[in-house]
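Heads up: the sequence lines are chains A and B, in that order. In terms of the numbering used here, the first sequence opens at residue 9 and continues consecutively. In terms of the numbering used here, the second sequence opens at residue 9 and continues consecutively. Just so it is clear, CB atoms sit at the ideal spot from N, CA and C, and this is done for glycine as well. Everything numeric in this text was worked out from a predicted model, so none of it was measured. A quick write-up on the structure given underneath.
There are 2 protein chains.
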Amino acid sequence: MPENLIFENIGKRPLPLSKKSNKEVRLAQIFKVALRIIHDQGYYATSLNDIAKAAGLTKAGLYHYISSKEDLLYAIMNFGMDLVDSDVLEPASKVIDPQERLRILVKAYANLIMEEWQAITVIINETNGLTAARRQNIRKRRQVFYQFVYETIQQIKDETDVKVLDVGVTTLSFVGCLVWMAYWYRPDGRLTKEQITDQIMGLLVDRMVGLGAPAELVIESRTVA
Amino acid sequence: MPENLIFENIGKRPLPLSKKSNKEVRLAQIFKVALRIIHDQGYYATSLNDIAKAAGLTKAGLYHYISSKEDLLYAIMNFGMDLVDSDVLEPASKVIDPQERLRILVKAYANLIMEEWQAITVIINETNGLTAARRQNIRKRRQVFYQFVYETIQQIKDETDVKVLDVGVTTLSFVGCLVWMAYWYRPDGRLTKEQITDQIMGLLVDRMVGLGAPAELVIESRTVA
DNA sequence: AAAATTCTACCGACCGGTCGGTTGGCATTT
DNA sequence: AAATGCCAACCGACCGGTCGGTAGAATTTT
């Protein structure tokens, strides 16, 4: 069952008190089902009754776990952003060589997207369900990611003889291509995750940024029946 | 005033009868203002009162011009799609050489996006405001575009010695990069439209697909203060 | 040319229905 | 007995959409 896995490990974090995990586990289930419905129907088209019913309780019961519809959306988005931080930015920022850093970033982000594409699309699509202040917070967190990519590409341009086009446009297109995966990737698709990662790595890192040696550019596609 | 220009020439088309254009002109104004508000707030967060007020009438008056909220959205989306057909697909499909065809397509589509980025984002974001049948129609129209790009890239791979990676992934990334422009392009940005088009052409056609001669790959970015 | 008629563009008032959110209370667990 | 987990019932606000009507321009009839 290729379900998304964002929230299901929440209860396993070391908790302040021993068996308080019940509520957090239930909350994680609610987040998970809410994410799926919001992804499928859109935030505004999803009522709290929809979410409650899918989670196996009533709207009033749901309010035992959340404080408002917007809080729920905001929490879901921040959980997704936390994953980007922990799974992509943190590992990549430990790599000193900018070329290697970029490859690690692509690999980690592609993996994350293919695991959590629903969360990524919700983060992109549903920001106008948030109040202005919270929308701004989410934008800031996204900006951090762009900045990281920008600086890495700029460093490659400055410190190596790789020929990079305009760093701004390259960064936007680079991240755009990655994010766009969340719109087209599906677990039952033609290629395996590894094949897709290889292709994206070739398209973005080797070609678009320009890290590929001419020899590497000749890599043929590995299509599958 | 860098406003979008989708609908303002509608009244100028040769009309069946002489002075019937008034209603169509007004309708075009309504579409234009509705597009702006729906882009800014999202479809569900935009009430018909919002649109009516911005168009200078009441909700009941608005219903003199539209038949339902969903019809309005559907009409806006189809107008945008019509533009893609007439401004991008039609000119490009007349070019026989696939490499040149791809360049024409990128140039035309980049121009369209920079002129009508609000319409493009609405088409992408608000499809779930449509009934299933209409949503399917919009998807089909998008699919036609993907198919056109796919076949062009496939033709390049088959008929030339250009080394193309997996055509499917390349197509999705290629179109994704273009569409993504609608999310980041703003008229008051750092680069001119021509500079952006040059950069996108270099990133997508020369590099990602692989049409650039090694010499062309060395083109430096033309950044502006 | 005047009068009668029709049509266009529009609005105030209202309707059924749904939404997010609240309240008070009832079992079950601790 | 205290806390937890949950729900039936309810509320005010707002939504998309409708309806009856009207001011005035355009058209037709006389």
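Residues of chain A with CB closer than 7 Å to the CB of residue i, please, in chain order.
i: residue 136/B; result: 49, 50 and 53
With 8 Å set as the bound, which would you pick, yes or no: does the beta-carbon of residue i sit closer than that to a beta-carbon of chain A?
i: residue 95/B; result: no
i: residue 37/B; result: no
i: residue 198/B; result: yes
i: residue 125/B; result: no
i: residue 229/B; result: With a pLDDT of only 42 at residue 229/B, under the threshold of 50, the placement of this residue in the model should not be trusted; the figure read from the coordinates follows. Chain A contact via Cβ: present.
i: residue 233/B; result: Low per-residue confidence applies at residue 233/B: pLDDT is 41, beneath 50, and the placement is therefore not dependable enough to give any value.
Counting only C-beta atoms, is residue i closer than 8 Å to chain B at any point?
i: residue 211/A; result: yes
i: residue 216/A; result: yes
i: residue 219/A; result: no
i: residue 174/A; result: yes
i: residue 133/A; result: yes
i: residue 142/A; result: no
Which chain B residues sit within Cβ distance under 7 Å of residue i?
i: residue 178/A; result: 211
Who are the neighbours of residue i on chain B, taking C-beta pairs under 9 Å?
i: residue 188/A; result: 180, 181, 183, 184, 185, 187 and 188
Are residue i and residue j closer than 8 Å when you measure CB to CB?
i: residue 189/A; j: residue 121/A; result: yes
i: residue 109/A; j: residue 160/A; result: yes
i: residue 70/B; j: residue 62/B; result: no
i: residue 168/B; j: residue 107/B; result: yes
i: residue 65/B; j: residue 74/B; result: no
i: residue 174/B; j: residue 49/A; result: no
i: residue 185/B; j: residue 184/A; result: yes
i: residue 142/B; j: residue 213/B; result: no
i: residue 85/A; j: residue 146/A; result: yes
i: residue 182/A; j: residue 97/A; result: no
i: residue 43/A; j: residue 130/A; result: yes
i: residue 165/A; j: residue 172/A; result: yes
i: residue 178/B; j: residue 217/B; result: yes
i: residue 193/A; j: residue 138/A; result: no
i: residue 38/A; j: residue 134/A; result: no
i: residue 116/A; j: residue 99/A; result: yes
i: residue 52/A; j: residue 52/B; result: yes
i: residue 89/B; j: residue 149/B; result: yes
Since residue i meets chain B, which of its residues come closer than 8 Å, beta carbon to beta carbon?
i: residue 208/A; result: 177 and 181
i: residue 204/A; result: 177
Of all the beta strand (DSSP E) runs that stay within the bounds of the stretch 63-144 of chain B, which reach a length of 3 or more residues?
none
The stretch 145-156 of chain B: positions lying closer than 9 Å to chain A by Cβ:
none
To test your reading of the DSSP string, which unbroken beta strand (DSSP E) runs of 3 or more residues are found completely within the stretch 142-217 of chain B?
none
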